[in-house]
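Here the structure comes first, spelled out in structure tokens, and everything after it is commentary.
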Amino acid sequence: MTAGRQSRFGQWAGVPVSQGDSGKSVPDEEKNKVPVKRPQPRPRPIKQDGGSRRAFASPRWIRVVFQPRVAVRKHASLTAPTVTFLDAGEVVEIAEVKAGWVRLADEEKDDRDVSDDCQAWVLQDGKEVSLGVLCEDWEPRWFCVVHEPQVAVRKKPSLQAHPVAFLKTGEIIEAAEVSQGWVRLSDADRKRLDVSEDCGAWVLINGHEKGLGRLLAASPPPPEQLAPLEEA
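Under my numbering, read the sequence shown as residues 1 to 232, first letter to last.
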């Protein structure tokens, strides 16, 4: 594993330094050189064709643990062309798992300018090629609103439930729970939105069934949370 490149582990809330990290301290000036990748607003949903449908009923994510990065390939094969890379520490949504490989969700492809005629596969289990685990299953703690202009916070995890608040595009929220494609807001976010204690606070992650596309995307913590993590 290569140790000369800083990972983004510390930029994701609750992420400990893993064995795949170098374990060496990084000067503050070096940390400041690493850009924080935040999800971008999506004006329209990605068109889902027959070959790119999701294999899961609820969203799933992986976190890259191999240093310094992993290749994203056109097909699920080590001989397939590389179409982009994922840096150590990145958390991305996946759409399919097949024989040790994971396929990125179409929104992840679009965010990285991968052409429509290419798939986007990442080797997750590299034990057969003496690389160990490259990516691990992960549940994000922070999400960013990417649907425009806003998304509803509902009393229950149901589209029929009454909205109790709204989140604007670009807002970052902390999840107290992720369940069946919904995020339950943290107590801090509930207080910020003035949602009463006797009321639920749930936000849908993907609105594909309603033709809305992705509503929330996994995100690094907000700036005020990043500084303590980087100093830790």
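We put the beta carbon where it would ideally sit given N, CA and C, even for glycine.
Within the segment 166–223, the complete alpha helix (DSSP H) runs of at least 4 residues fall at 187–192.
A residue is called buried when at least 16 other Cβ atoms come within 10 angstroms of its Cβ; S115 does not meet this threshold and is exposed. With a cutoff of 7 Å on beta-carbon distance, V153 and A201 are scored as near each other. Straight across, the Cα-Cα distance linking S77 with E90 is about 21 Å. Taking the Cα positions, L193 is about 18 Å away from V146.
In this structure the segment 117–136 does not lie against the segment 176–183, because fewer than three pairs of beta carbons, one per stretch, are closer than 8 Å. The beta-carbon distance between A95 and A80, rounded to whole angstroms, is 17 Å. This is too long to meet the 8 Å contact definition. Taking all protein chains in view, the Cβ of G211 is surrounded by fewer than 16 other Cβ atoms within 10 Å, so the residue is classified as exposed. Here DSSP, grouped into helix, strand and coil, assigns E128 to helix. In this structure, A88 sits near V64, with a CB-CB distance shorter than 7 Å. In the DSSP assignment, E93 falls within the unbroken beta strand (DSSP E) covering V91 to K98. As DSSP reads the structure, T84 sits in a beta bridge with V72. Within a 10 Å sphere around the beta-carbon of K109 sit 16 or more other beta-carbons, which makes this residue buried.
The criterion of a C-beta distance shorter than 7 Å is not satisfied by C118 and I62. By the 16-neighbour rule on beta-carbons within 10 angstroms, L167 is buried. Secondary structure of E136 (DSSP, three-state): strand.
Short of 7 Å from the beta carbon of R73, and not among the five residues preceding or following it, lie these beta carbons of its own chain, in chain order: A80, P81, T82, V83 and W121. Rounded to whole angstroms, R190 and S196 show a C-alpha spacing of 8 Å. Within a 10 Å sphere around the beta-carbon of D198 sit fewer than 16 other beta-carbons, which makes this residue exposed. For F56, the number of other beta carbons within 10 angstroms of its own is below 16, and it is reported as exposed.
Between the alpha carbons of L131 and L216 lies a gap of roughly 32 Å.
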